[in-house]
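Here's the structure, in structure tokens; my notes come after.
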Amino acid sequence: MASKKAVLFNLWGVVVSPRPAETFLKFEETHKLPSGFLEKLVKNGDSAMQRAERGKLTLSQMIPDLDAECVSAASDQKVSLPAGFSVKSLLEELRDSTTVNKHILQTVATLRRQGLLTGVLANQWVDDSGCGDSSGRLLSLLAGHFDVVLQSCRTGLRVPEADLFISALKQLGVPPKQALWLADDEEGVGAAEALGMTAVLVRDLPEALKQVETFTGVQAVTGESYPASCNPEEVSHGYVTIKPNVKLHYVEMGAGPPVMLCHGFPESWYSWRYQIPALADAGFRVVSLDMKGYGQSTAPANIEEYSQEQICQDLVTFMDKMGIPQVTLVGHDWGGSVVWNMAQCHPERVRAVASLNTPLFPVDPSKDPMEFMKTVPIFNYQLYFQKPGVAETEMEKDLARTFKIFFHGNGDKDNVPTINTAGVCDRGGLFVGLPDEIPRSSILSETALQFYITQFKDKGFRGPLNWYRNVVSNWKWLCSRPRAKLLMPALMVTTGKDPVLLPVFSRGMENMIPNLTRGHIEECGHWTQMERPSELNTILISWLKDTHSNTGVAVTPKL
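Its first residue numbered -14, the sequence shown is counted upward by one per residue in the working numbering.
Set out below in structure tokens:
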């Protein structure tokens, strides 16, 4: 069997920019130093910077040694250093100007989705400055995007030394002939080629990515490029006991202001797999829940356990035990209903609120909700869900078929049969009339399909369907609550092709939510997080950053 292929990236100049040499040159121009003064100094094999890169000095030890070297070199070359000169300001400038190449991260996500291995090699020192925005933290975060991240200060080997390449390839289990190296310097390209690797000199990124495509056989960056996703085996899992015999399972990533993600029917924390890394990289502490009845959270038998009043109280208890006084809530489908109800009924705990697809439906005390549903044909499926055991039997018969039917994208409509949510009671089932063999949608990988199957094979659909069986109790509860405008920042994201939660349902929300921001993705159906993750992440991150920066809440962007 042929071995896997691997693509290795130089950190400086490829994964992040600018190259240190560019910052050095700018610093020299600003301080009227001879061009190349700093570059020549640090290239000396025994310079303080190279010793730090090999792990022999920390950053705080390197700075005074490098200052002394600069003073000595300036004296030898009869160069006048500016008053108060210190390389500390140079290194701060390098840190502040460093940005991550998003196209590279998109490429890496695409390669990994196709089973290829990836790695980053970095000449880097140990940052003991205590700065929260340190390069060490950046590299730690990059570890979530690449299979291997090797730092020179940890190995004692610098790029482009042969032993560093050999170490990376050994960890990946890939021979040199199956590996590609991307760097922006000829020395690195030559060193990789000498080992038998293929190497690309990155001068023009689109052209370099074409060479990645040629080597791997995988289109590196496409118009529908998917962001990095979570591997359930590689994220932090936790459990909070809400009350005796009831616990909520969650996944957590990142540091910063807390953002809680609430999924809908019939989903999982994993439905946010493309958003969790992106929001964490943007500077937020992301907590993604298995909602009650789902996955590794408890699924009580009593229907009343799934009322919105109880679900919201469970979230308040969860926040209390997690030490989260206030949170930004983001929900989808039923999760959208939850976050709006939390904002209405527990506003002191909600910093900001966002919903995907699900609008804020104003409660009307004069309308019986069950009678109202009978007047909206596309809501007929909810009437079918009311009798315990009926829908469960249909959905649990063949889990693979069930999820293939549910999870389809707008672009699959010619290939994947779609559910008609009207007339379900008369047909005798939601899936009646659909073929036995359902093709898997492009938005649902085989890995994701198998994950959803494992999450539902033991507990089934009883808990998730019980959410629909509290319509009247939810209505009575909301009617009993004070009806006031929601004053916290809010975001409503609609999609043009959702067959049930139509954008028109969100009209007039500004009357109830004066601080409402809107986002819209036209060519997207119901499963927004999976179908258009890049567009959604852009909308969410922009809103989250604006929301938190406007109130002085500290956010430290990571990538």
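Note that the Cβ used here is the ideal one computed from N, Cα and C, for glycine as well.
Nearest-angstrom beta carbon gap, residue j and residue i [assumed within contact, 8 angstroms]
i: N365; j: T403; result: Not quite, the Cβ-Cβ distance comes to about 15 angstroms (not below 8 angstroms), so this is no contact.
i: N484; j: I390; result: Reading off the sequence shown, one finds Pro at residue 484, where the question assumed Asn. Between I390 and P484 the Cβ distance is about 13 angstroms, and since that is not below 8 angstroms, they are no contact.
i: I428; j: F388; result: The pair is not a contact, with the Cβ atoms about 11 angstroms apart (cut-off 8 angstroms).
i: L(-7); j: L106; result: 6 angstroms
i: Y224; j: W254; result: Actually they are not in contact, since the Cβ atoms of Y224 and W254 sit about 12 angstroms apart, beyond 8 angstroms.
i: D132; j: L90; result: 14 angstroms between Cβ atoms; not a contact.
i: H511; j: L486; result: 7 angstroms
i: A284; j: G278; result: 4 angstroms
Where residue i falls, given that 16 or more other Cβ within 10 Å makes a residue buried
i: T480; result: buried
i: D275; result: buried
i: S120; result: buried
i: D353; result: exposed
i: C560; result: There is simply no residue 560 to check, as the chain begins at -14 and stops at 544 in what is shown.
i: L96; result: buried
i: P262; result: buried
i: T207; result: Below a pLDDT of 50, predicted positions are generally treated as unreliable, and T207, at 46, falls in that range; no measurement from the model is reported.
i: L415; result: buried
i: M355; result: exposed
i: H222; result: exposed
i: V457; result: exposed
i: G(-12); result: One point to set straight first is that residue -12 is Ser, not Gly, in the sequence displayed. Burial call: exposed.
i: Q62; result: exposed
i: D397; result: buried
i: A267; result: buried
i: R447; result: buried
i: N85; result: It should be pointed out that residue 85 corresponds to Val in this sequence rather than to Asn. The residue is buried, with at least 16 neighbouring Cβ atoms inside 10 Å.
i: S292; result: buried
i: H440; result: Inspection of the sequence shows that residue 440 is occupied by Gln rather than by His. Q440 should be labelled buried.
i: E431; result: exposed
i: V159; result: buried
i: S322; result: buried
i: N459; result: buried
i: D421; result: exposed
i: E516; result: buried
i: V361; result: exposed
i: F392; result: buried
i: F346; result: exposed
Span of the alpha helix (DSSP H), counted from its first residue to its last, around residue i
i: E172; result: E171 to A179
i: Y366; result: N365 to Y369
i: G321; result: W319 to C330
i: T8; result: P5 to T15
i: L450; result: R447 to N451
i: V185; result: Not the alpha helix (DSSP H): V185 falls in the beta strand (DSSP E), residues T183 to L186.
i: R492; result: Neither: R492 is in no alpha helix (DSSP H) and is coded neither H nor E.
i: T532; result: P518 to S534
i: N(-5); result: Not the alpha helix (DSSP H): N(-5) falls in the beta strand (DSSP E), residues A(-9) to N(-5).
i: P191; result: L190 to T201
i: L463; result: V456 to S465
i: L154; result: A147 to L157
Residue interval of the beta strand (DSSP E) (run including residue i)
i: W166; result: A164 to A168
i: A337; result: V335 to L341
i: H222; result: S221 to K228
i: S351; result: First-last for S351: undefined, no H or E at that position.
i: E237; result: V231 to M238
i: T502; result: L501 to I506
i: T480; result: A475 to T480
Beta-carbon proximity of residue i to residue j, cut-off 7 angstroms
i: N451; j: P474; result: no
i: A58; j: L18; result: no
i: A68; j: L51; result: no
i: W166; j: A184; result: yes
i: S137; j: N108; result: yes
i: P518; j: F250; result: no
i: C215; j: G320; result: no
i: A339; j: V301; result: no
i: L142; j: D148; result: yes
i: C509; j: N395; result: yes
i: G241; j: F269; result: yes
i: P145; j: G104; result: no
i: Y369; j: C410; result: yes
i: I524; j: G504; result: yes
i: S45; j: D113; result: yes
i: M497; j: M477; result: no
i: V111; j: L124; result: no
Neighbour flag for residue i against chain B, beta carbons, 7 angstroms
i: Q298; result: The displayed structure is made up of one protein chain only, and chain B is not part of it.
Taking the runs of the beta strand (DSSP E) that are 3 residues or longer, which of them lie wholly in the region 95 to 142?
-> 102 to 107 and 133 to 136
Taking the runs of the alpha helix (DSSP H) that are 4 residues or longer, which of them lie wholly in the region 25 to 63?
-> 33 to 38 and 44 to 61
Within the region 245 to 314, note down every full alpha helix (DSSP H) run reaching 4 residues or more, in order along the chain.
-> Fully enclosed alpha helix (DSSP H) runs of 4 or longer: 261 to 266 and 293 to 307.
Enumerated in chain order, which unbroken segments of the alpha helix (DSSP H) with a length of 4 residues or greater are wholly contained in the region 376 to 436?
-> 384 to 391 and 409 to 412
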